[in-house]
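Mapping to the numbering used here: the sequence shown position 206 is 211, numbers consecutive.
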Amino acid sequence: MKILRFSTPDLPPRFGWLHEDRVGQLDGDPFNAYRRLDPDLQVDSVTLLPPVQPSKILCVGRNFEAHAREMDNPVDEIPLLFLKPPSSLTAPGSPIVLPPQSRQVQHEAELAVVIGKQGRWIHPDAAMDHVFGYTIANDVTARDLQHTDRLFTRAKGFDTFCPLGPWIETDYDPSDALITCHVGDELRQMASTRDMIFTVPQLIVFASSIMTLMPGDLILTGTPAGVGDLTPGVSVSITIEGLGTLTNPVLSEDEMRPTN
Ligand code: MG
């Protein structure tokens with residue numbers, strides 16, 4: 006099933022579900038008990054929102070060998086974890102805003118795992134029981150700031166640096182799915198999730214050995230090779246087989262500020 010969040014002029018933000026090209030509301034909590042209401046809205050007529058509101062966004066660096074190499078980094082023996090703030094989330098179709106502090110902002114196409122059940126020290130055999138579903142994320146990165154700062158917080162943490170969506174697929178096998186990323190018509194990234202160094206269950210086990218995973222939390226599983234620059238006016242589209250396409254325009258912060 007495809008779960009999303011949306012609003013309309015008449016309906017404040019809420020969870021919904023997608024049936025073909027129609028959206029129905031969810032009555033209840035998608036992580037507990039809920040009821041699907043009739044899909045009575047055209048998906049084109051609603052505003053899609055990031056499909057989940059996580060308490061934290063965990064990310065894995067260098068989880069594809071070819072990307073580690075293009076960054077001149079070794080392959081890590083344990084996952085390299087960092088966090089993006091929930092305030093970095095942005096909706097499908099909403100702009101990625103290039104901040105004035107950076108001259109090199111890049112896309113990173115990633116499979117995102119949505120946690121469905123709270124857990125700490127999750128056993129490998131139980132890891133997949135803690136998954137609610139999967140969606141698409143863009144781990145937008147100010148590459149120049151990542152190189153100058155010792156920590157990733159600034160480079161990865163700007164508002165709009167985590168496009169997410171368009172929806173969560175709850176019935177999905179993440180073990181061999183093709184990830185592609187286009188900027189305009191140009192193919193930038195293409196790889197299968199089977200090339201991940203650390204698998205989804207391994208990442209859940211590792212992350213939960215550090216912190217309690219909560220329903221709605223995200224794990225961004227790392228980007229393939231081919232990361233590249235985003236410039237004002239382009240559009241970036243990430244497609245993951247079976248999950249759909251996440252598209253966001255790119256603007257400079259100047260274009261977002263009110264003029265007077
Ligand atoms: Mg990344």
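Note that CB positions come from ideal geometry on N, CA and C, so glycine has one too. Note that the structure is predicted; figures quoted are calculated from it, not measured.
Closer than 8 Å: residue i CB and nearest the ligand MG heavy atom
i: Gly227; result: yes
i: Asp234; result: no
i: Val2; result: Examination of residue 2 is not possible in this model, given that the chain is present from 6 through 265 alone.
i: Asp154; result: no
i: Glu258; result: no
i: Asp144; result: yes
i: Glu75; result: no
i: Glu191; result: no
i: Glu115; result: yes
Local Cβ density within 10 Å of residue i, reported as buried at 16 or more and exposed below that
i: Met108; result: Before going further, note that residue 108 is Arg rather than Met in the sequence given. That one is exposed.
i: His72; result: buried
i: Asn3; result: Residue 3 lies beyond the stretch modelled for the chain, which goes from 6 to 265, so this question has no answer here.
i: Ile215; result: exposed
i: His112; result: buried
i: Leu208; result: buried
i: Thr228; result: buried
i: Leu16; result: exposed
i: Leu135; result: Position check: residue 135 holds His in this sequence, whereas Leu was assumed. Flag for His135 reads buried.
i: Ala196; result: buried
i: Leu156; result: exposed
i: Ile83; result: exposed
i: Arg40; result: exposed
Cβ-Cβ separation, residue j to residue i (assumed contact under 8 Å), whole Å
i: Asp34; j: Ile120; result: That belief does not hold up - the Cβ atoms of Asp34 and Ile120 are roughly 14 Å apart, past 8 Å.
i: Leu23; j: Val48; result: 7 Å
i: Phe20; j: Arg27; result: Phe20 to Arg27, Cβ: 15 Å. No contact.
i: Leu251; j: Pro168; result: 6 Å
i: Leu150; j: Ala160; result: 4 Å
i: Phe36; j: Cys64; result: That belief does not hold up - the Cβ atoms of Phe36 and Cys64 are roughly 21 Å apart, past 8 Å.
i: Ala132; j: Pro206; result: 4 Å
i: Leu248; j: Glu191; result: 21 Å between Cβ atoms; not a contact.
i: Asn68; j: Phe203; result: 6 Å
i: Val255; j: Gly189; result: Going by Cβ atoms, the distance from Val255 to Gly189 rounds to 10 Å, so no, they are not a contact pair.
Residue of the options minimising C-alpha distance to residue i
i: Leu183; options: Tyr177, Thr244, Ile83 and Arg159; result: Thr244
i: Cys186; options: Val241, Ala132 and Asp134; result: Val241
i: Thr236; options: Thr204, Asn68, Asn78 and Glu260; result: Glu260
i: Glu258; options: Val102, Ala131 and Cys64; result: Val102
i: Asp45; options: Pro206, Leu208, Gly29 and Phe36; result: Gly29
i: Leu42; options: Arg67, Asp149, Met201 and Ile8; result: Ile8
i: Val232; options: Leu16, Ser93, Pro84 and Thr146; result: Thr146
i: Pro97; options: Phe203, Thr140 and Gly189; result: Thr140
i: Lys61; options: Pro90, Arg125 and Pro14; result: Pro90
i: Ala117; options: Val57, Thr217, Phe211 and Ile202; result: Val57
i: Phe163; options: Ser50, Tyr177, Gly249 and Arg148; result: Arg148
i: Leu218; options: Asp181, Leu94, Asp200 and Trp126; result: Trp126
i: Arg199; options: Asp181, Thr153, Arg74 and Pro105; result: Asp181
i: Val51; options: Pro14, Met76 and Gly66; result: Pro14
i: Glu70; options: Gln106, Met201, Pro59 and Gly170; result: Met201
i: Pro220; options: Thr165, Asp81, Gln123 and Thr226; result: Gln123
i: Ser92; options: Thr158, Met76, Arg40 and Ala38; result: Thr158
i: Pro55; options: Ala212, Leu94 and Val110; result: Leu94
i: Leu224; options: Ser213, Trp172 and His128; result: In the sequence under discussion, the amino acid at residue 224 is Ile, which differs from the Leu named in the question. The residue with the shortest Cα to Cα distance from Ile224 is Ser213.
i: Gln194; options: Val210, Ala230 and Trp172; result: Ala230
i: Asp144; options: Pro105, Asp81 and Val110; result: Val110
Test: residue i CB closer than 9 Å to a CB of chain C
i: Arg193; result: Given the protein chain composition of this structure (a single chain), no chain C is represented.
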